[in-house]
Each structure stands twice: as structure tokens, then as C-alpha cells.
Amino acid sequence: MKPIIFCDFDGTITATDNIVSLMTHFVPEESEKIAKAMMAQTITFKEGVTAMFELLSTTQKDDVIQYLLDTAVIREGFGEFVHYAHEHAIPFYVVSGGVDFFIEPMLEKFGPFSGVYCNSADFSEKQITLIYPNSCDEECAKYESQGCGCCKPTVMRKVAHNDHFKIVIGDSISDFEAAKQADLVLARDHLITRCEDLHISHKPFETFYDCLEAIKELVEA
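Everything in the sequence shown is counted per the working numbering, starting at 9 for the first residue and increasing by one.
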């Protein structure tokens with residue numbers, strides 16, 4: 009079996025969730041209500057993220073980008089982890105419910121990656137509008153509602169082959185369905201709780217040095 013990596017961005021590659029950080033800074037009260045509904049799963053991830061970004065004016069674009077570039081911290085060990093994957097020709101996909109305008113500049117110095125799947129932002133109207141190019145396929149439980157936004161299980165089905173050993177790295181609600189398809193889950197925060205609830209085999213991590221050890225065990229066994 010050949011390893012293939014599917015890694016979340018917000019709260020996983022970065023030390024904090026950039027969307028939460030952004031909304032807490034610019035629109036704390038309005039966004040908190042939406043975040044609670046997302047965590048309770050009374051609204052879909054796509055509905056929640058769409059509603060959050062619609063709270064922001066496009067005139068704030070430069071301030072929003074600068075704030076994220078100034079405050080986002082890449083999780084310790086990420087560079088070494090990516091280097092190891094490159095050295096061993098392990099396909100590495102970043103799959104995120106976040107947005108291209110902050111993900112791409114932060115990842116640039118670590119690439120190239122096998123692929124970066126995320127949402128896009130449209131700044132042409134008064135409010136920031138999100139575009140979802142990675143929609144749910146018919147096998148996704150949320151196909152009818154297209155509720156995933158960036159559908160991680162769909163991306164996995166599209167790029168992984170039968171002989172791949174699928175490694176999912178993540179932290180939160182957008183990673184739950186992807187974790188069900190994984191052969192190995194490297195989890196932190198809410199994803200640990202969900203894996204425990206669903207009896208999904210997983211390894212907790214805090215830094216990418218932890219992830220690196222897990223991958224080495226697999227590759228060098």
C-alpha cells in the first residue's frame with residue numbers, strides 16, 4: 009500500500025483556525041452565533057462559512073488579508089513533514105474548507121504540493137462571497153444539500169487509488185467525514201472526540217513532528 013496524505017489547513021497546518029480568528033477580530037458577536045450553530049450541526053459547514061464571510065465588506069479585503077498574514081502561525085514541524093513527504097514521493101494534498109486568498113500565500117514557500125483544494129473568494133460585490141469549486145459527489149451523505157462546501161471525501165475519492173493507504177490529518181467538523189474513509193487518522197482537538205465517538209482508529213498529535221513519527225513508522229516499517 010502506498011501512502012497518500014490529505015491534510016486540513018485551518019487549525020491543522022496553522023496553530024489556530026484562521027476563519028475563527030478572522031471573525032473574532034472583525035465581527036465577534038455575529039460570527040459567534042454562526043460558529044455555535046455549525047458546531048451543533050444545526051447548519052451545514054457551507055452555510056456557516058458562507059454566512060460568516062458575508063458579514064465582511066469587500067472594502068476590508070486588504071485589512072483581512074494583512075491581519076491573517078500577520079497573525080497566522082504555521083504549526084511546528086510542518087516544513088520538515090512536507091520535506092519528508094517530498095523525499096519519499098508521498099502524494100500530499102491540502103484539502104481545506106478555508107479560502108484561497110489566505111491559504112495560497114501561506115503555503116507558497118512549502119510547496120509544491122500534489123494539489124491544494126479549497127474555496128475561493130469573490131470580492132466583486134459589496135460583501136465577500138465564497139465560491140465552492142469542490143462540491144459533493146453522489147457518494148457524499150450531503151450530496152442533496154451540497155453541505156460540505158469543500159467536500160473532502162469527494163476529493164479523496166477523486167485522487168486516491170485502490171492501492172493507496174489514505175492518511176487524513178485534521179482537527180474539526182470539516183474533517184469528520186474524511187476520517188471515516190482514512191486508513192490512518194492523525195487528529196487533534198474536535199476530531200479526536202469525534203473519532204472516539206465513532207470508534208475510528210486514530211493517533212493524536214500536537215505538532216507535525218508527531219505526524220512525522222507516525223509516517224516514518226508506516227514508511228520505514
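Virtual Cβ for every residue (Gly too), placed ideally from N, Cα, C. Being a predicted model, the structure only gives us computed values, none of them experimental.
Among the options, nearest to residue i - alpha-carbon criterion
i: V124; options: I21, K10, I42, C148; result: I21
i: G85; options: D108, F109, P113, F118; result: F118
i: F236; options: P11, K10, F17, M9; result: Missing from the structure shown is residue 236; the chain here goes from 9 to 229 and no further.
i: M47; options: M114, T201, C219, P120; result: T201
i: G157; options: A43, Y140, V167, C148; result: Y140
i: S128; options: S143, K166, E116; result: S143
i: K54; options: I177, E221, V107; result: V107
i: V90; options: Y101, E147, V81; result: Y101
i: V103; options: I13, D197, A222, C219; result: I13
i: P120; options: A93, D197, Q135; result: A93
i: I27; options: T52, G56, T50; result: G56
i: F113; options: A80, D145, I98, H96; result: For the record, residue 113 in the displayed sequence is Pro; it is not Phe. If we check each option's Cα against that of P113, A80 comes out closest.
i: T66; options: A195, V167, S132; result: S132
i: D130; options: Q68, D179, E37; result: Q68
i: E146; options: S182, P161, F184; result: P161
i: C15; options: V163, E40, E221; result: V163
i: D183; options: D70, K166, C159; result: C159
i: L220; options: I181, I175, D179; result: I175
i: G19; options: A97, T52, I111, P11; result: I111
Host beta strand (DSSP E) of residue i (start-end)
i: P212; result: 210 to 212
i: F100; result: 100 to 107
i: Y125; result: 123 to 130
i: V193; result: 192 to 195
Cross-strand partners of residue i (DSSP beta bridge)
i: H172; result: K10
i: D145; result: In DSSP, D145 forms no bridge with anything.
i: I139; result: S128
i: I82; result: T22
i: G178; result: A195
Residue span of the alpha helix (DSSP H) that contains residue i, given as start and end
i: T201; result: 198 to 206
i: C219; result: 216 to 227
i: E185; result: 184 to 189
i: K160; result: 160 to 167
Using 8 Å as the Cβ pair cut-off and three pairs as the minimum, do the segment 22 to 41 and the segment 72 to 81 touch?
These segments touch.
The segment 157 to 172 / the segment 208 to 227 touching (three or more Cβ pairs under 8 Å):
no
In chain order, which continuous runs of the alpha helix (DSSP H) of length 4 or greater are located wholly inside the segment 11 to 80?
26 to 34, 36 to 47, 53 to 61, 69 to 79
Any contact between the segment 199 to 206 and the segment 216 to 227? By contact I mean 3 or more CB pairs, one from each, below 8 Å.
no
Three or more C-beta pairs under 8 Å: does that hold for the segment 183 to 195 against the segment 60 to 67?
no
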